[in-house]
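First residue of the sequence shown? That's 4 in our numbering, and the numbers climb one at a time after it. All C-beta atoms, glycine included, are put in the ideal place defined by N, C-alpha and C.
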Amino acid sequence: MLFGRPLAPDAAIFALSLCFEAHLAKSVAHKSCICRGLRKPAVQEVLQTRPLLRVAQPKLPIAGATFRKGDVALHKDWTDGSAGAVHTQASSREPASIRGLSVKRPLQKPLEQAITDGNWRETVALVEKLLLIGSLPDNIASDQLLKGLCGRGAFRTAWKLYKSEQGQSRRYQYSTYQALITSAFQAGEPYDAVQAFRDLQQSGLTPNVITWSSMISSLCKQRRKGAPFAQLAYKLWKELEASGLATGNAALYAAGMNASVGLGYVDEAAKLLRTMQNSGMRPDVRAYNTLLKGYASAHELGAMQATLAEMERLQVAPSLVTYNILIDAFVNEGRLEQAAAKLKEAQRLGLRLDVWSYNTLIKGYCLAKEAGNARDVLEAMKLQNVQPNVITYTTLVDGCVRAGDLFLAEEVLRDMQFMGVPPNTVTFNIMLRGYCNLSTRPIQDAISTLRSMGMAGVVPSTDTFNTLMSACLSKGDPGAVPRLFRRLISLGHTPDALSYTSLITSLTRLGRPEDAVLAFRAMEADARVAVDLAALNAVVDALARCGRMGDAEMQLDRAMQLCDRQGRPPPLEAYGALLAEYARRRDAEAALSVLRDFFERGGTPDDQMFDTVMDLCMRTGEFRRAMQVIRAMERVGQQVDKGRIKRALEDLLRQQSKLQGRQRKRSRNEGLERLKFWLGIPNNYYESDWQAEQAQKESEESM
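Okay, structure coming up:
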């Protein structure tokens, strides 16, 4: 719900796609820099769109959500009747035989025979055909079939079959739900795993210890930015803890520690460790590793050292994972000598270092832009018969890109392929980022990289499109972003928080702030995405440009609450957007109120915010307020560029002089004269009787 207006996720994304269809039909994308100098087929390769009916829907829609008639009517000017035409066209294509039951009969016996013979390839093909025509034989979704499909890596077929039978009061065995959960995680579909787990609970069956532990641990391993996997894992842990099933079970407490650390609740994880000890459970090295990982993420090296001392006192031997955590912690703190020392210490203890140990140290040297040392570590791992993997080379490529050396990055990429290590999506995404940020031909090189991905059989990911969308925004081509977003969805990828934020920002820059607000509503309705600070900053700007200042201030408060929880300073971007809109309206009182609130919350304005306020004060004749702003900036230690203010004021005075002609009357604006005096411009400040009032007025001045 946004601003008291509920919106179903399906409605939001479908309406959003209709917006793109109508607006982008006449888009300026082909006139933009992404298209200059390119053949039309090359442009279409990147910006190709799919029919609206193929737009991906959220995997976990909000319960009870429906597509309301009002949602379509709201965007009637976008659709021009196209939505109805699309549905009619889709229905007209449907063969008459599909609507009958005659199609399933010739396929049912071959399917039963394939299942009996254990011919799972044929089984998958026949099930897909039946699902395609929408006519499944009765009782086809058996436990045996679902478990068989999951066990043969055909999770998506199994899931479609499982979903087709929902609502028919079908009950499955416990092992079937477990197979669906395990297979969903293996297939990279964690939301489906969560839904299967909830279905298991609703079926009347009680999840056992193994299922609870695997659910929490698997969710903790998910790394998609902007997705609420850590929150889901922690929520499951709190449910488990409240049920009492975790009592006395060290494995479940370890899973709870992992879930707590995933959200940064390190103190809570430490408390769980103490509870285990007080309850007679002996925490093993894995529990201590989880706590060490939490302290490392929180940059608490002292607590890490204390935990290591406790492990030594309790005779809990450190494992290779322990040393990998320590190496990573020192690398993240920039203490590369200590990281290298820990690597050698592990070798002295007889632990066989793995590729992750070396990769972490390589990452540290790459972050420090020490490519030579990184290459030395690569050679050392080869001498230890540790085979570099795709992450090793990708890390080196990333280090070269960070150092601004695209030529060396390309050389590492060639070496990688020569050694028989195929680059993956992340490798190409890093090269893509390098071309977008550093190349003199960013878009052309980006297109070339996309083609190389296709030739290597690597499918572009959400991060690929995020990189391209960010590049288009930074290079002044916001018009290409909505097409790229639509392309991302049409390929079946899941947009994340960065994807939505890029879309919101681009629509605002294109002069379509209302559409940007709609995109934010779609983001809120998408259960797969967690709204973050960047998205809130973007929607504040969009709402302000729509003139919905009350709504903008409400979202600003929401952003401020998020900053408070995370221990961050006030959001400069959101405050700046609100202040800029008040400045466009020449509302000095409201703008200064925003600035005052920003100061009171501990914020420090940047040059752009300061310039906006000063320009507004001078344009509206609020020179006394301008002096107050200058003093406030000086109190927080900000340097004020007198020369820039002086030039701006002199330009303003010249313009006023032209408008007033040769009027000789002396200005009686005290604030203006004081500002001129502060800047060293000829003034009448000391020739007036204002000096007597200075002390009294200065005592009344406050921001």
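Residue i versus residue j - alpha carbon distance
| i | j | result |
| --- | --- | --- |
| A182 | I219 | 16 Å |
| K385 | L323 | 19 Å |
| K347 | A412 | 28 Å |
| M314 | L435 | 44 Å |
| L275 | R285 | 12 Å |
| Y237 | L399 | 34 Å |
| V319 | R289 | 10 Å |
| A344 | Y298 | 20 Å |
| N472 | S502 | Reading off the sequence, residue 472 comes out as Met, not Asn. Cα to Cα, the separation comes out at about 8 Å. |
| L148 | T126 | 9 Å |
| P516 | L559 | 16 Å |
| G154 | S186 | 8 Å |
| A474 | N440 | 7 Å |
| R173 | E131 | 20 Å |
| T1 | S477 | Because the chain here runs from 4 to 706, residue 1 falls outside it and cannot be looked at. |
| V106 | A128 | Any answer about V106 is weak, because its pLDDT of 48 lies below 50 and its placement is not dependable; what the coordinates show is given next. Distance between the alpha carbons of V106 and A128 is about 15 Å. |
| R589 | S505 | 29 Å |
| R351 | Q387 | 14 Å |
| T465 | S300 | 25 Å |
| E527 | R561 | 13 Å |
| P391 | D401 | 15 Å |
| V597 | V393 | 49 Å |
| G259 | Q280 | 15 Å |
| T497 | A190 | 14 Å |
| K372 | D529 | 39 Å |
| G605 | W162 | 51 Å |
Local conformation of residue i per DSSP, three classes
| i | result |
| --- | --- |
| Y175 | coil |
| M434 | helix |
| D590 | coil |
| E131 | helix |
| K366 | helix |
| K372 | coil |
| N252 | coil |
| G84 | Annotation note: pLDDT 33 at G84 (below 50); position unreliable, coordinate value reported separately. Residue state, collapsed to three classes: coil. |
| G151 | helix |
| A157 | coil |
| V429 | helix |
| L304 | helix |
| D389 | Correcting the residue type first, residue 389 is Val in the shown sequence and not Asp. Three-state result, V389: coil. |
| A459 | coil |
| T607 | coil |
From the options, residue whose alpha carbon lies closest to that of residue i
| i | options | result |
| --- | --- | --- |
| Q225 | Y326, Q558, V197, R417 | V197 |
| S216 | G207, K241, E192, S455 | K241 |
| C620 | G402, L295, A253, R587 | R587 |
| F176 | G550, L203, L409 | According to the sequence provided, residue 176 is Gln. The question's Phe does not apply to it. Checking every option, the nearest Cα to that of Q176 belongs to L203. |
| V484 | G457, G283, A522 | A522 |
| G223 | L239, F431, G423, V415 | Note that residue 223 is Cys in the sequence shown here, rather than Gly. Cα-wise, what sits closest to C223 is L239. |
| P425 | L266, G353, S455 | S455 |
With 16 other Cβ atoms within 10 Å as the buried cut-off, status of residue i
| i | result |
| --- | --- |
| I213 | exposed |
| A342 | buried |
| G479 | exposed |
| Q205 | exposed |
| V462 | exposed |
| N327 | buried |
| L56 | Because L56 carries a pLDDT of 29, less than 50, the predicted location of this residue cannot be relied on, and the following value inherits that uncertainty. It is exposed - the Cβ of L56 has fewer than 16 other Cβ atoms within 10 Å. |
| E592 | exposed |
| P193 | buried |
| A245 | exposed |
| F601 | buried |
| K166 | exposed |
| R277 | exposed |
N- and C-terminal bounds of the alpha helix (DSSP H) containing residue i
| i | result |
| --- | --- |
| M218 | 212-223 |
| R524 | 516-528 |
| K347 | 339-351 |
| M284 | First-last for M284: undefined, no H or E at that position. |
| Y194 | 193-205 |
| S322 | Element bounds for S322: n/a, residue is neither H nor E. |
| R417 | 409-421 |
| S734 | Residue 734 falls outside the range modelled here, since the chain spans only 4 to 706, and no answer is possible. |
| N540 | 536-549 |
| D554 | 552-569 |
| A190 | Taken as a continuous stretch (DSSP letters only), A190 belongs to no alpha helix (DSSP H), as it is neither H nor E. |
Chain D within 8 Å of residue i, Cβ atoms only
| i | result |
| --- | --- |
| V616 | Of the protein chains in the structure, only one exists, and it is not chain D. |
Residue i Cβ short of 7 Å to the ligand SAH heavy atom set
| i | result |
| --- | --- |
| E313 | Ligands in the displayed structure: none, and consequently the ligand SAH is not present. |
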